[in-house]
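In the working numbering, the protein residues as written are 30 to 110. Backbone N, C-alpha and C fix where the C-beta goes; we use that ideal spot for every residue, glycine too. Small disclaimer: the values here were computed from a predicted structure and weren't measured. The structure under discussion appears below in the form of structure tokens.
Here it is, written out as structure tokens:
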């Protein structure tokens, strides 16, 4: 049961990444928007959980970087206000 939950989290993260990318590509959201960066943060977090469980450490590293970019971008937006 635990593995199924981890897989669902991983697939949800993957789908969320793809939706976010599709929205930016279709020019429905800006790349530095709260929506896009929030989706990247959530998707990256889900995939960190999944890849840590699967011990896929290169993917863990990539997703930590992706989440870090989202955090930096959102932090910059907060400071600009």
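If you compare alpha carbons, which of the options is closest to residue i?
i, options, result
"residue 91", "58, 30 and 69", "69"
"residue 93", "107, 84, 103 and 76", "76"
"residue 31", "101, 100 and 79", "79"
"residue 53", "41, 40 and 67", "67"
"residue 64", "108, 36 and 103", "103"
Since residue i and residue j should fall inside the 8 angstroms C-beta cutoff, what is the C-beta to C-beta distance between them, to a whole number of angstroms?
i, j, result
"residue 72", "residue 49", "7 angstroms"
Legend entry - Length at least 4, wholly inside the stretch 56 to 95: the alpha helix (DSSP H) runs in chain order: 63 to 82
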